[in-house]
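Participant: There's a structure below that I have some questions on.
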Amino acid sequence: MMLQYHGFSGLKTKRIVFENVFSVLDSVSLEHMKELTARRRLIEESINETSCITEATAREMSGGLTSRSQQDIQKLEQYLPILENFVIQVDSISRNKNLLISELRIQWSSTVSSSRFRIGGPKFFQINSLKYELGMILFLYGVTIREQAFEILSEDKQKSACLLRKAAGIYKHLNDEVLPLLQSILPPEKPPETATNVSFAMNNICLAEAQAIAIKMAEMQGLSAGLLAKLHYGVTQLLDEASSLLQPGPRDISRRFLDFIVSCSTLHELSSYRHLAESYKHAEQVGVAIGLLNRAMSKAKNLPGEQSWREVFKNELNKISDMLKKYNDENAFVWHHKIPLDFELPSLEGRTIVTATPYEPERWERQITFST
């Protein structure tokens, strides 16, 4: 089983009407502005849960898509290309550009912040930049693709892993191409989603989850215990890097989010020890195998607080405990091998076999003639 974190749901935004702020000179440009507003409104109504349409109507509008996450992905993929175009078109405005953007009042809440809620509803952050809008939409896009990946996990593991690699690519693009252009104008109070280390961490988390699914498929195919140990520790290394990236970053990071990363890392470390011990047992080095299992048990003194995560941990610890008892019994009656001291035991080695799918932004080129 895998640990799952659904805390990214709940991202909210305030309504934007682009044509009320930006004046244009012709009817075609006005239609482009109205389409931008309409495409965004579909996203607003979905994530703010203010839509009045029925499930049947939503399914019909999406061309038969039954999953909420699939419908939201479609809305985002129809908004992103015209938003990318709008960002470039606005750069051509010679006067009052920053004033006009500020009048849009681009506001988003946070799903990563520890202070995401306040009395009366979610806390909103306003930043006067279209790069902020693009960045938050891309963050939402990655989150929604990740949600879909877990929705289909039980029925199609390979597709689920592909979706997670796609989400990782979105966060890598966000980290490399979008957020660096935003950093110089960020106010002191800002959502953690605008920090480059958060998007980098999200890239690692999605890759780690994709590799965890790959491990499940490898186990079904009978991959050797030694290789499984390396793959599990590869997941741990990805998550440890994500955790270290978040330590010096924004202080306003959800404790539950950080606990998820650490707990997931520890779980895969335990699995790595178990498989490595099995590998040494196959090589008739029972003493080393017992030492590795003892080390694993010593690292699992504190269970995570979340009940569903605790159950997954208990399942893994039961496997290790049963294996340790079996190996100890065999060693006492058959092998009589010395158990190495802790510093004499082999270290875990990691291997990463997944990579992010590069995100290539689309842009629907539409000329907008602004009145300047």
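Residue numbers (UniProt numbering): 1 to 372. No residue lacks a Cβ here, since even glycine has one placed at the ideal position from N, Cα and C. Since we're looking at a predicted model, the values are computed, not measured.
(1) Would the beta-carbon of residue 78 fall within 9 Å of that of residue 63?
(2) Would you give the residue range spanned by the alpha helix (DSSP H) that residue 18 belongs to?
(3) Considering Cα atoms alone, identify which of 101, 321, 76 is closest to residue 297.
(4) Looking at C-alpha atoms only, which residue of 161, 235, 109, 90 is the closest neighbour of residue 102?
(5) Can you round the beta-carbon distance between residue 214 and residue 276 to whole angstroms, since I take them to be within the 8 Å contact cut?
(6) Quick check on residue 124: does DSSP put it in helix, strand or coil?
(7) Where are the alpha helix (DSSP H) runs, 4 residues long or more, that stay fully inside the region 244-326, in chain order?
(8) Taking the alpha carbon of residue 174 as the point to measure from, which residue in 366, 358, 369, 368 has its own alpha carbon closest?
(9) Going by the beta-carbon positions, is the gap between residue 25 and residue 257 smaller than 9 Å?
(10) Please name the residue in 314, 13, 19 whose C-alpha comes closest to that of residue 46.
(11) Have a look at residue 245 and residue 201 and give me their C-alpha separation to the nearest angstrom.
(12) Counting pairs of Cβ atoms below 8 Å between the region 5-22 and the region 97-114, do you hit three or more?
(13) Out of 115, 206, 27, point me to the one whose CA is closest to residue 4's CA.
(14) So residue 167 packs on residue 145, CB below 8 Å; how close in whole Å?
(15) Over what stretch of residues does the alpha helix (DSSP H) that includes residue 4 continue unbroken?
(16) Given 8 Å as the limit, is there contact between the region 339-351 and the region 216-234, that is, 3 or more CB pairs closer than that?
(17) What residues match up with residue 154 in a beta bridge as DSSP calls it?
(18) Measuring straight from C-alpha to C-alpha, what distance separates residue 226 and residue 153?
(19) Among 96, 115, 98, 124, which residue has its Cα nearest to the Cα of residue 109?
(20) Considering Cα atoms alone, identify which of 99, 282, 267, 287 is closest to residue 318.
(21) Can you give the beta carbon distance from residue 362 to residue 84, rounded, assuming they're within the 8 Å contact cut?
(22) Looking only at its own chain, which residues have a Cβ that is under 7 Å from the Cβ of residue 66, when we skip the five neighbours before and after it?
(23) Using a threshold of 9 Å, state whether the C-beta atoms of residue 324 and residue 290 are closer than that.
(24) Would you tell me roughly how many angstroms separate the C-alpha atoms of residue 50 and residue 44, rounded to the nearest one?
(25) Can you tell me which of 306, 272, 335 puts its alpha carbon nearest to the alpha carbon of residue 293?
(26) Which of the three DSSP states is assigned to residue 113 in this structure?
(27) Just to confirm the assignment, what range does the alpha helix (DSSP H) spanning residue 103 have?
Facilitator: So, to answer that:
(1) Mapped onto the sequence shown, residue 78 falls at position 78. Mapped onto the sequence shown, residue 63 falls at position 63. Going by C-beta atoms, residue 78 is not nearer than 9 Å to residue 63.
(2) By 1-based counting over the sequence shown, the position of residue 18 is 18. Here residue 18 belongs to no alpha helix (DSSP H), and DSSP marks it neither H nor E.
(3) Walking along the sequence shown from the start, residue 297 turns up at place 297. Selected option, being the one with the closest Cα: 321.
(4) If you number the sequence shown from 1, residue 102 lands on position 102. The candidate whose alpha carbon is nearest that of residue 102 is 90.
(5) Residue mapping note: residue 214 aligns to position 214 of the sequence shown, counting from 1. Residue mapping note: residue 276 aligns to position 276 of the sequence shown, counting from 1. That belief does not hold up - the Cβ atoms of residue 214 and residue 276 are roughly 18 Å apart, past 8 Å.
(6) Counting from 1 along the sequence shown, the entry for residue 124 is found at position 124. Reduced to three states, the DSSP call for residue 124 is coil.
(7) 255-282, 286-298
(8) Stepping through the sequence shown from its first residue, residue 174 is reached at position 174. Nearest of 366, 358, 369, 368 to residue 174, Cα basis: 358.
(9) For the purposes of this step, residue 25 is taken as the residue at position 25 of the sequence shown. For the purposes of this step, residue 257 is taken as the residue at position 257 of the sequence shown. Taking 9 Å as the cut-off, the Cβ atoms of residue 25 and residue 257 do not count as close.
(10) By one-based count along the sequence shown, residue 46 stands at place 46. Closest option to residue 46, Cα to Cα, is 13.
(11) The residue you call residue 245 lines up with position 245 of the sequence shown. The residue you call residue 201 lines up with position 201 of the sequence shown. Their Cα atoms are separated by approximately 6 Å.
(12) yes
(13) The residue labelled residue 4 in the question sits at position 4 within the sequence shown. If we check each option's Cα against that of residue 4, 206 comes out closest.
(14) Translated into positions along the sequence shown, residue 167 becomes position 167. Translated into positions along the sequence shown, residue 145 becomes position 145. The Cβ separation is near 4 Å, so the contact holds.
(15) The residue you call residue 4 lines up with position 4 of the sequence shown. Taken as a continuous stretch (DSSP letters only), residue 4 belongs to no alpha helix (DSSP H), as it is neither H nor E.
(16) yes
(17) Working through the sequence shown from its first residue, we reach residue 154 at position 154. Bridge partners of residue 154: none, in fact.
(18) Along the sequence shown, read from residue 1 onward, the residue named residue 226 stands at position 226. Along the sequence shown, read from residue 1 onward, the residue named residue 153 stands at position 153. Distance from the CA of residue 226 to the CA of residue 153, rounded to the nearest whole angstrom, comes to 25 Å.
(19) Against the sequence shown, residue 109 aligns to sequence position 109. The option with the nearest alpha carbon to residue 109 is 124.
(20) Stepping through the sequence shown from its first residue, residue 318 is reached at position 318. With distances taken between Cα atoms, residue 318 lies closest to 267.
(21) Start at 1 with the first residue of the sequence shown, and residue 362 comes out as number 362. Start at 1 with the first residue of the sequence shown, and residue 84 comes out as number 84. Correct: roughly 7 Å between the Cβ atoms.
(22) Counted from its first residue, the sequence shown places residue 66 at position 66. Once the five neighbours on either side are set aside, the close Cβ partners of residue 66 are 59.
(23) The residue labelled residue 324 in the question sits at position 324 within the sequence shown. The residue labelled residue 290 in the question sits at position 290 within the sequence shown. A contact, by the Cβ cut-off of 9 Å.
(24) On the sequence shown, residue 50 is found 50 positions in, with the first residue counted as 1. On the sequence shown, residue 44 is found 44 positions in, with the first residue counted as 1. Using only the alpha carbons, I get a separation of about 8 Å.
(25) Along the sequence shown, read from residue 1 onward, the residue named residue 293 stands at position 293. The residue with the shortest Cα to Cα distance from residue 293 is 272.
(26) The count along the sequence shown starts at 1 and reaches residue 113 at position 113. In the structure shown, residue 113 sits in a strand (DSSP, three-state: E or B).
(27) Residue numbering aside, residue 103 sits at position 103 when the sequence shown is read from its first letter. First-last of the alpha helix (DSSP H) with residue 103: 97-104.
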